[in-house]
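**Q**
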Amino acid sequence: MRSGYEKIYESLLPELGKCDLPEAAGRLGLSVRPDGGVSVDFLGRQYEISSRGVNPTDGKPVDVINRIVLAYYALSKGEGEPAFSYVPVSDLTGAKIAFNVNLKWMTAPLGEIFSGDYEGFCEIMRSLGGVFNGRQNSGGYAWFLKVLPKIPLQIVYYHGDDEFPCEIRILFDRNAWRFMEFECLAFLEGCVVKALSRNAKTEDASG
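Position 117 (the sequence shown) corresponds to 127 in the working numbering; numbering is contiguous.
1) Leaving out the 5 sequence neighbours to the left and right, which residues in its chain are closer than 7 Å to Ala186 when beta-carbon positions are compared?
2) Could you tell me the alpha carbon to alpha carbon distance between Ile107 and Asp73, rounded to whole angstroms?
3) Measuring alpha carbon to alpha carbon, tell me which of Gln56, Arg55, Ala35, Gly39 ends up nearest Gly46.
4) Taking C-alpha atoms, which residue in Leu53, Leu40, Arg37, Ser49 lies nearest to Lys204?
5) Could you tell me if Ser86 is buried or exposed, where buried requires 16 or more neighbouring beta carbons within 10 angstroms of its beta carbon?
6) Bridge partners for Trp153 per DSSP, in chain order?
7) What do you get for Gln146, buried or exposed, if any count of 16 or more other CB atoms within 10 angstroms of its CB means buried?
8) Please say whether Arg55 and Leu23 have beta carbons closer to each other than 9 Å?
9) What does a CB cutoff of less than 7 Å around Val64 pick up in its chain, not counting 5 residues either side in sequence?
10) Does the separation of the CB atoms of Asp183 and Ala93 fall below 9 Å?
11) According to DSSP, is Asp101 part of a helix, a strand, or is it coil?
12) Contact check, Gly140 vs Asp51 under 8 Å by CB: the rounded distance?
13) Using alpha carbons as the reference points, say which of Leu206, Asn209, Arg188 lies closest to Val99.
14) Within 10 Å of its beta-carbon, does Glu199 have 16 or more other beta-carbons around it, so buried, or fewer, so exposed?
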């Protein structure tokens, strides 16, 4: 039985079939392929996007939510450039969302996974394409991650102490709303959390 996410992805395929992908590539920073499709690096893996759908070039299994996020990005009518100023995704809800959205529950497990293991966090950030962006006045260690060409993130690691536990915050470029609606940005945050968690488990298994 197909999941709700699989149904969402399948509903996007006809839209990809009608999309002028080379035109979208120019606005969205994607690479045009000889076959008329486009390609993008997403969380350490290369993907092809075409009228046939979204597929990783390594042929390995992929979470359908990754496919959904990349399909929505390719279909975006957004244009412009990142602001390189970062806010929580809940600040990007827009006027259509009439309630306070708190997604801290999504990133909470990361603090538990990486508590006392900043070096492990650094290794995984580098493997995903992250670049260290300095220490903040608040004491957090900031990392820059261009998760999609027009949607950079700032991911901040806070060491735990006797008063507060380890915390990892995922902040979105202030202009991300131009390229994705809030619901899809929340999906994107989930993809980042899963990539960090999955790679941490891989490191533990290999270590």
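In this text, a Cβ means the ideal position worked out from N, Cα and C, and glycines have one as well.
**A** To lay it out plainly:
1) Residue mapping note: residue 186 aligns to position 176 of the sequence shown, counting from 1. The answer, listed in chain order, is Leu102, Ile161, Leu195.
2) Here residue 107 refers to the residue found at position 97 when the sequence shown is read from its first residue. Here residue 73 refers to the residue found at position 63 when the sequence shown is read from its first residue. With a pLDDT of 45 at Ile107, under the threshold of 50, the modelled position of this residue cannot be trusted; read the value that follows with caution. Taking the straight line from one Cα to the other gives about 27 Å.
3) As a working mapping, residue 46 is identified with position 36 in the sequence shown. The option with the nearest alpha carbon to Gly46 is Ala35.
4) Walking along the sequence shown from the start, residue 204 turns up at place 194. Of the listed residues, the one whose Cα sits closest to Lys204 is Leu53.
5) In the sequence shown, the residue the question calls residue 86 occupies position 76. Classification of Ser86: buried, given that the 10 Å Cβ count is 16 or more.
6) Here residue 153 refers to the residue found at position 143 when the sequence shown is read from its first residue. Partner(s): Phe142, Ile165.
7) By one-based count along the sequence shown, residue 146 stands at place 136. Under the 10 Å beta carbon count, Gln146 is surrounded by fewer than 16 other beta carbons and is classified as exposed.
8) In the sequence shown, the residue the question calls residue 23 occupies position 13. In the sequence shown, the residue the question calls residue 55 occupies position 45. Not a contact, by the Cβ cut-off of 9 Å.
9) Counting from one through the sequence shown, the residue named residue 64 turns up at place 54. So the qualifying residues of the chain are Tyr57, Arg77, Leu80, Ala81.
10) Counting from 1 along the sequence shown, the entry for residue 183 is found at position 173. Counting from 1 along the sequence shown, the entry for residue 93 is found at position 83. Result yes, Cβ atoms of Asp183 and Ala93 sit closer than 9 Å.
11) Sequence index remark: in the sequence shown, residue 101 carries index 91 (1-based). Reduced to three states, the DSSP call for Asp101 is helix.
12) In the sequence shown, counting from the first residue as 1, residue 140 sits at position 130. In the sequence shown, counting from the first residue as 1, residue 51 sits at position 41. Here Gly140 is actually not in contact with Asp51; their C-beta atoms are around 12 Å apart, not less than 8 Å.
13) Taking the sequence shown and counting its residues from 1, one reaches residue 99 at position 89. Closest option to Val99, Cα to Cα, is Arg188.
14) For the purposes of this step, residue 199 is taken as residue 189 along the sequence shown, with counting starting at 1. With 16 or more Cβ atoms within 10 Å of its Cβ, Glu199 is classed as buried.
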